[in-house]
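According to my numbering, the stretch in the sequence shown is residues 41 to 423, in order.
C-beta atoms are modelled at their ideal positions from N, C-alpha and C, and glycine is treated no differently.
Report on the structure given below.
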Amino acid sequence: MQRGIVHLKQAQMDEAATDFTNVLADDSSNEEAYRTLQKIEPTREEIQLAKAFIRGSDHTAAIELLTKVIETCPWSSELRELRAESHVAIGDMSAAISDIRSTTKLQSDNTVGYFKLATLYYMRGEASESLKEVRECLKLDPEHKDCFPHYKKVKKVAKQLTDAEEAVNRKDYKACIDAATKVLKTEPSVSMIQFLAREKLCHCFLHDDQLPLSLESCNLALELNKDPRVYCDRAEAYILTEMFDDAIRDFQDALSLDENFGRAKEGLQRAQKLQKQSEKRDYYKILGVSRNANKKDIVKAYRKAAQKWHPDNFRGEEKKIAEKKFIDVAAAKEVLTDPEKRQQFDRGEDPLDPESQQGGQGFNPFQHQHFHNSPFQFKFHFN
């Protein structure tokens, strides 16, 4: 009787039927043997129907039926492999991994199971987990025809991904770009591995001030996987190129994927302020410098603009225009060379806006300036 139950749990229907028939031959009143024997044929038919569903690509129906059958036959590796196949077909890699993991416990020396696990993890972009599983396969068979080539490739990809991540952590963005580019060459086809490389390039090109390449990499990454972090990185690149509408849309898309993503919430508020600010005075545009310009470039641009628009160079109505331009140039220098004020401006707030002075005196570049008739008889303060 017990052997028959074991055979049934393993989905060995013929052996189970023989065992229960023999029990009933010896004891026709054995109700348990009779009830269990009656399950065998319907279960056999359900297995065949599930296989038909798989052949017909009706994987949802196959999963539902196999789940029912596995309740009767929980020790069957074959049934779990079939269900894993359908889970993969509908994109549920986690469920597929769970089923294949069970087969490695149900069946000793299951190199095929470990290879499938390694492959599934790799398809999900989890190179380190894939490496762990393929090593289990190689413990059982060091020369396995599938596991050994997979091991060599995944070991390389896993190291390159780790190198890229470590480079990001230490803010070595050129090293990150180099490592991520190597990943693309090593793995040209698996989409989630490609995504991880593109996502790193998106982020590291951004922080390396290579904005066109950052935007290109972000676009390619998002084609592979809609990820809120990538949307935020692309939004930051859009902000630096003053494409505020696009930045706002990307932060909103990030929040639609994760409504509690703090970076996207903060970014959206900042982008909206910057968009509003862009309709007013833009200190970067006034000096003709980029948003990531350093202090040396800002001072150089200020000197050039201040000489161009100094009011002593103009007469009549042009002098009034020049005075307005010079005020803007001096204000831009005041804000962009002061780290605290620049940070405030980068957050979308104008530190020289009279509305934010709260009763204090506004900025006046002429307060200590004295203009004379000759063009350059005035002092600059370039600190």
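Legend entry - Three-pair Cβ contact test at 8 angstroms for the region 154 to 163 versus the region 184 to 197: yes
Legend entry - Backbone secondary structure at cysteine 242 - three-state DSSP: As a first step, residue 242 must be located in the sequence shown, where it is residue number 202. Three-state DSSP puts cysteine 242 in a helix.
Legend entry - Buried versus exposed, by CB contacts within 10 Å (16 or more), glutamine 417: Looking up residue 417 in the sequence shown gives position 377. Residue confidence for glutamine 417 is low, a pLDDT of 37 falling below 50, so the modelled location carries little weight; the figure read from the coordinates is stated next. Looking at its Cβ environment, which holds fewer than 16 other Cβ atoms inside 10 Å, glutamine 417 is exposed.
Legend entry - Rounded separation between arginine 382 and glycine 302 - CA only: Looking up residue 382 in the sequence shown gives position 342. Looking up residue 302 in the sequence shown gives position 262. Using only the alpha carbons, I get a separation of about 23 angstroms.
Legend entry - Segment contact flag, the region 150 to 159 with the region 85 to 94, C-beta cutoff 8 angstroms, min 3 pairs: no
Inset, instruction - From the DSSP output, in three-state form, read off valine 270 for me. - result: For the purposes of this step, residue 270 is taken as residue 230 along the sequence shown, with counting starting at 1. If DSSP states are grouped into helix, strand and coil, valine 270 belongs with the helices.
Inset, instruction - Report buried or exposed for glutamine 42, applying the criterion of at least 16 other Cβ atoms within 10 angstroms of its Cβ. - result: On the sequence shown, residue 42 is found 2 positions in, with the first residue counted as 1. Answer is exposed; the Cβ neighbour count stays below 16.
Inset, instruction - Report the rounded CA-to-CA distance for glutamate 104 versus aspartate 59, giving the unit in angstroms. - result: Taking the first residue of the sequence shown as position 1, residue 104 is located at position 64. Taking the first residue of the sequence shown as position 1, residue 59 is located at position 19. Going by the C-alpha atoms only, they are around 29 angstroms apart.
Inset, instruction - Could you tell me whether the region 292 to 300 touches the region 319 to 332, using the rule of 3 or more Cβ pairs below 8 angstroms? - result: no
Legend entry - Given alanine 73 as reference, the closest of Leu64, Thr144, His184 once Cα atoms are compared: As a first step, residue 73 must be located in the sequence shown, where it is residue number 33. For alanine 73, the nearest C-alpha among the options comes from Leu64.
Legend entry - Straight-line Cα distance separating arginine 95 from isoleucine 137: For the purposes of this step, residue 137 is taken as the residue at position 97 of the sequence shown. For the purposes of this step, residue 95 is taken as the residue at position 55 of the sequence shown. Rounded to whole angstroms, isoleucine 137 to arginine 95 spans 21 angstroms at the Cα level.
Legend entry - Host alpha helix (DSSP H) of lysine 108 (start-end): Residue 108 sits at position 68 when you count from the first residue of the sequence shown. Unbroken alpha helix (DSSP H) run through lysine 108: 99 to 112.
Inset, instruction - Report the rounded CA-to-CA distance for glutamine 52 versus glutamate 71, giving the unit in angstroms. - result: Working through the sequence shown from its first residue, we reach residue 52 at position 12. Working through the sequence shown from its first residue, we reach residue 71 at position 31. Between glutamine 52 and glutamate 71, the C-alpha separation is close to 21 angstroms.
Inset, instruction - Closer than 8 angstroms by C-beta to aspartate 267: which residues in its own chain qualify, once you throw out the five before and the five after it? Chain order, please. - result: To locate residue 267, count along the sequence shown from 1; it is residue 227. Taken in chain order, the residues that qualify are Phe235, Glu239, Ala261, Leu297.
Legend entry - Any 3 or more C-beta pairs closer than 8 angstroms across the region 352 to 366 and the region 334 to 342: no
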